[in-house]
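Chains as they are written, first to last, in our numbering: chain A, 16 to 205; chain B, 16 to 205; chain C, 16 to 205; chain D, 16 to 205.
Heads up, the beta-carbon is just placed ideally off N, CA and C, and yes, glycines get one too.
Down below is the structure, laid out as structure tokens.
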DNA sequence: CATGAATGAGAATTCATTCAT
DNA sequence: TATGAATGAATTCTCATTCAT
């Protein structure tokens, strides 16, 4: 039951947290961005930290739900992996600010809320791992250490928020093709 | 010409910045850690921000110097890539706290110092890219987009600081073998 | 649009700056004087320095406006000079604290704000000079170097904040008569 | 028995206090200026405040001694007054920095040292007053309130440190002629 | 004489949050 | 719902001075 104002505040916060970082963003900054007084913000949010938690939670939940859907499809593991990559990149790039806040600013959360995000992030890793395990089981993929491999792929994908802005001309699809090719076929000729 | 105390302060700061983050670490925390009064710290540092800059600068410079060395070796590109991966993981993991501060906390720097680190980081990417370009030129590697591929590999490697602690039993070498295999041969059978 | 509290703060600051000097007055002192917490002061002021600037600016602007009025009157230069002296002394003495802060503490301002006050002070000198020039032109006054003479008269008048308290029994008018006599007629007999 | 170093320190302090003000000048600044370490300064000075006191004390004592000499001369009061003016302006202008420190920074002294300077300053005023009283007694001067008149003349002369730099081309003698003419003859024609 | 490490008190300012209106 | 005054704790940094070497 998020009111218009709540959504507006969250959007402003995402933008500010992405630009300046959570700590460098004051509650006053957010209030200014939505045309309210500092005090009035507290009708809509519990705390600045809670605002960050909501943003991060929604972001990682979205990633999880989409990956769960892909995992449930009746297609080869190779296709699932490619879909996972393309999905991740598409979501990352089209919500670049939110993704940046999730990946860069979650550490600013206190212990409990941070653990909450961490658990969902672990879950996301598990889903990627599951795709790899399926591929090994199906004999589509070489025998690999699925979790470690998932961490490599996920690392590559998560790194995107760090460089995408500068190389802004690429589409998520173009990146996905390169990444998919790398992870499926490797660099070596033949 | 760094005195003992300066080194001690930098080490304490690395540890605290890694554990609590730059913003959550007060100058008082650092002073306590080295057994000085708050004010006395300022005999050794210019500012808290400068302390972070020194740490990050030394870290990325170390990465760059080692990779430059690898690039200069007279070995096939494939071997250079494997050496780069192993080197990066070894350094990351043996200086996990410093690497974490570099990769996670540099954003806390103000514009100018942040750009300084960014420039050195861009240089590091260029070195990875150069290895890939060499491999393509030598016809060791498939035709790839070298920069995008470098970003993928570097992303995977840089992500390590996020998960290594939890999987603490692995050595850098073990991770390097898995990563190297993934990037050279890909996942697909045959 | 200055609120009551803002006025109250400015008054307290004037009093403290006059008694202890700007540097020896802490923000805490001002807060105590108006019954607020240190932090609460910052709802009303930008900074301690800005507070000083406001005080000095208002003071010199007041001097300027009154002298501009006198200059515009249709009376002989001699009368303008006497009015200027009486006005200056009346304002100085009735706002002795503010005048003291203006003349003694403005140097504590940083470069830019200090220049701002300096410019207005230069303007004040120009107005005195204009009176003298008028008197010379009208052949009321001897030929003199108007600016240098203005500096002498203004110096004498500005010095009042240094000694008035001790000789507190004199009225501004009494002082003005002595000063006026001195500057118009000189000391010599005949 | 002021050593070379002590003199050097005092000169550096005068220059810095004049340029930046006493409060804005750190002990480190002074140490830098004379090529010593902060700690080493304390072999030569008791405290920063004492340094200011020495400077101010020497300055006002110099003014007093010279005026006492003038007062003791066997010449008309009119000549004494002109000599006093010329002397004051000559000393002020040739030691402009010291005079500025005396007149602008003495207020930074604590109560007791400040009173010490104040007493010497009062003495200086008394000497000027004595000249005027002598002139009245001799019937050289009109009947005036000697102290108030002395305050006017002294104010005019003391103000010089505020404007002289800008009008740097004038000599002390040139200023003295204008000031002397003003105080003896006044502005009015005839 | 000179150093420079260390002190410890104090400074201005920021800021998330609360609450009466 | 909205305000904005008020809080009070926290933060970074400065600085005059001391003293063992």
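Exposed unless 16 or more other CB atoms sit within 10 angstroms - verdict on residue 33 of chain B: Along the second chain, read from residue 1 onward, the residue named residue 33 of chain B stands at position 18. It is buried - the Cβ of residue 33 of chain B has at least 16 other Cβ atoms within 10 Å.
What are the residues in the stretch 100-132 of chain B lying within 8 Å of chain A by C-beta distance? 119, 122 and 123
Three-state class that DSSP yields for residue 185 of chain D in the structure shown: For the purposes of this step, residue 185 of chain D is taken as residue 170 along the fourth chain, with counting starting at 1. Residue 185 of chain D falls in the coil class under three-state DSSP.
Measuring CB atoms only, is the stretch 87-98 of chain A touching the stretch 44-60 of chain A, in the sense that at least three cross pairs come out at less than 8 Å? no
Using the C-alpha atoms, what's the distance from residue 109 of chain D back to residue 128 of chain B? Numbered from 1 along the second chain, position 113 holds the residue referred to as residue 128 of chain B. Numbered from 1 along the fourth chain, position 94 holds the residue referred to as residue 109 of chain D. Looking at the two C-alpha atoms, the distance is approximately 47 Å.
What is the C-beta distance between residue 94 of chain B and residue 188 of chain B, in whole angstroms, given that I count them as a contact (C-beta under 8 Å)? Translated into positions along the second chain, residue 94 of chain B becomes position 79. Translated into positions along the second chain, residue 188 of chain B becomes position 173. Not quite, the Cβ-Cβ distance comes to about 15 Å (not below 8 Å), so this is no contact.
Can you list, in chain order, the residues of its chain whose CB lies under 6 Å from that of residue 20 of chain C, leaving out five sequence neighbours each side? Stepping through the third chain from its first residue, residue 20 of chain C is reached at position 5. Here the set comprises 59.
Which residues in chain D sit within 8 Å of residue 164 of chain C, going by Cβ to Cβ distance? Stepping through the third chain from its first residue, residue 164 of chain C is reached at position 149. Residues of chain D passing the Cβ test: 193, 197 and 202.
To which residues of the same chain is residue 169 of chain A closer than 7 Å at the C-beta, ignoring the five residues directly before and after it? Here residue 169 of chain A refers to the residue found at position 154 when the first chain is read from its first residue. Excluding residues within five positions, the ones whose Cβ falls inside 7 Å are 140 and 143.
Can you name the start and end residues of the alpha helix (DSSP H) that residue 128 of chain B belongs to? Within the second chain, residue 128 of chain B is the residue found at index 113, counting from 1. Unbroken alpha helix (DSSP H) run through residue 128 of chain B: 126-152.
Distance check for residue 22 of chain C and residue 28 of chain A, CA to CA, integer angstroms please. Taking the first chain and counting its residues from 1, the one referred to as residue 28 of chain A is at position 13. Taking the third chain and counting its residues from 1, the one referred to as residue 22 of chain C is at position 7. When rounded, the distance between both Cα atoms is 36 Å.
To which residues of the same chain is residue 68 of chain D closer than 8 Å at the C-beta, ignoring the five residues directly before and after it? Residue numbering aside, residue 68 of chain D sits at position 53 when the fourth chain is read from its first letter. Same-chain partners within the cutoff: 124, 128, 131 and 132.
Check the C-beta distance from residue 156 of chain A over to residue 172 of chain A and give it rounded, since I have them as a contact under 8 Å. Start at 1 with the first residue of the first chain, and residue 156 of chain A comes out as number 141. Start at 1 with the first residue of the first chain, and residue 172 of chain A comes out as number 157. Actually they do not touch by this definition, with Cβ atoms about 18 Å apart.
Can you name the residues that DSSP bridges to residue 32 of chain A? Residue numbering aside, residue 32 of chain A sits at position 17 when the first chain is read from its first letter. Looking at the DSSP assignment, residue 32 of chain A forms no beta bridge with any residue, so it has no partner.
Partner residues on chain B for residue 178 of chain A, Cβ-Cβ distance less than 7 Å: Taking the first residue of the first chain as 1, we reach residue 178 of chain A at position 163. The contacting residues are 166.
Quick check: is the beta carbon of residue 79 of chain A nearer than 9 Å to any beta carbon in chain B? The residue labelled residue 79 of chain A in the question sits at position 64 within the first chain. Answer no: the Cβ-Cβ gap between residue 79 of chain A and chain B never drops below 9 Å.
Starting from residue 38 of chain D, find everything on chain C with Cβ-Cβ shorter than 8 Å and list it in chain order. In the fourth chain, residue 38 of chain D corresponds to position 23, counting from 1. Result: 38 and 123.
Which term fits residue 186 of chain B, buried or exposed, when burial requires 16 or more other beta carbons within 10 angstroms of its beta carbon? The residue you call residue 186 of chain B lines up with position 171 of the second chain. Result: exposed.
Report the three-state DSSP secondary structure of residue 203 of chain D (helix, strand or coil). For the purposes of this step, residue 203 of chain D is taken as the residue at position 188 of the fourth chain. Strand, per DSSP.
Please say whether residue 146 of chain C and residue 99 of chain C have beta carbons closer to each other than 9 Å? In the third chain, the residue the question calls residue 99 of chain C occupies position 84. In the third chain, the residue the question calls residue 146 of chain C occupies position 131. Yes, they are a contact pair.
Looking only at its own chain, which residues have a Cβ that is under 6 Å from the Cβ of residue 24 of chain B, when we skip the five neighbours before and after it? Along the second chain, one-based indexing puts residue 24 of chain B at 9. Excluding sequence neighbours, residue 24 of chain B sits near 49 and 59.
Taking 9 Å as the threshold (beta carbon to beta carbon), is residue 157 of chain C in contact with chain D? Residue 157 of chain C sits at position 142 when you count from the first residue of the third chain. So yes, residue 157 of chain C belongs to the interface.
Buried or exposed for residue 63 of chain D, going by 16 or more other Cβ atoms inside 10 Å? Position 48 of the fourth chain holds residue 63 of chain D. The residue in question, residue 63 of chain D, is buried, as its Cβ has 16 or more Cβ neighbours within 10 Å.
List the residues of chain D that residue 206 of chain C touches, going by C-beta distances under 8 Å, in chain order. Any question about residue 206 of chain C goes unanswered here, given that chain C covers just 16 to 205.
Which one of B:121, B:66, B:154 and B:73 has the shortest CA to CA distance from residue 92 of chain B? Here residue 92 of chain B refers to the residue found at position 77 of the second chain. Among B:121, B:66, B:154 and B:73, the Cα nearest to that of residue 92 of chain B is on B:154.
Counting only the same chain and skipping the five closest in sequence on each side, list residues whose C-beta sits under 7 Å from that of residue 121 of chain B. On the second chain, residue 121 of chain B is found 106 positions in, with the first residue counted as 1. Contacts found: 71, 129 and 132.
Chain B residues whose Cβ lies nearer than 9 Å to that of residue 50 of chain A: Stepping through the first chain from its first residue, residue 50 of chain A is reached at position 35. Neighbours of residue 50 of chain A on chain B: none; closest Cβ ~27 Å, over 9 Å.
Hey, how far is the Cα of residue 165 of chain B from the Cα of residue 35 of chain B? Residue mapping note: residue 165 of chain B aligns to position 150 of the second chain, counting from 1. Residue mapping note: residue 35 of chain B aligns to position 20 of the second chain, counting from 1. Spanning the two alpha carbons is a distance of roughly 31 Å.
Could you give the uninterrupted runs of the alpha helix (DSSP H) lying entirely in the stretch 47-123 of chain D, keeping only those of 4 residues or more? 53-56, 63-87, 92-109 and 111-115
Suppose contacts are defined by Cβ-Cβ distances below 9 Å. Is residue 163 of chain C in contact with residue 198 of chain D by that definition? In the third chain, residue 163 of chain C corresponds to position 148, counting from 1. In the fourth chain, residue 198 of chain D corresponds to position 183, counting from 1. Not a contact, by the Cβ cut-off of 9 Å.
Relative to the ligand NAD, is the shortest distance from any of its heavy atoms to the C-beta of residue 151 of chain B smaller than 8 Å? With respect to small molecules bound, the structure shown includes none, and the ligand NAD cannot be examined in it.
Assign residue 103 of chain C to buried or exposed, taking buried as 16 or more other Cβ atoms, counted over all protein chains shown, within 10 Å of its Cβ. Counting from 1 along the third chain, the entry for residue 103 of chain C is found at position 88. Under this definition residue 103 of chain C is a buried residue.
If you follow the alpha helix (DSSP H) that residue 176 of chain A is in, where does it begin and where does it stop? As a working note, residue 176 of chain A is residue 161 in the first chain. Its alpha helix (DSSP H) spans residues 175-178.
Run the CB neighbour count on residue 18 of chain A, radius 10 Å, all protein chains shown included, and call it buried at 16 or more, exposed below. For this step, residue 18 of chain A is matched to residue 3 along the first chain. Exposed.
My guess is that residue 118 of chain B and residue 176 of chain B are in contact by the Cβ rule of under 8 Å, so how many angstroms apart are they, rounded? Position 103 of the second chain holds residue 118 of chain B. Position 161 of the second chain holds residue 176 of chain B. The Cβ separation is near 6 Å, so the contact holds.
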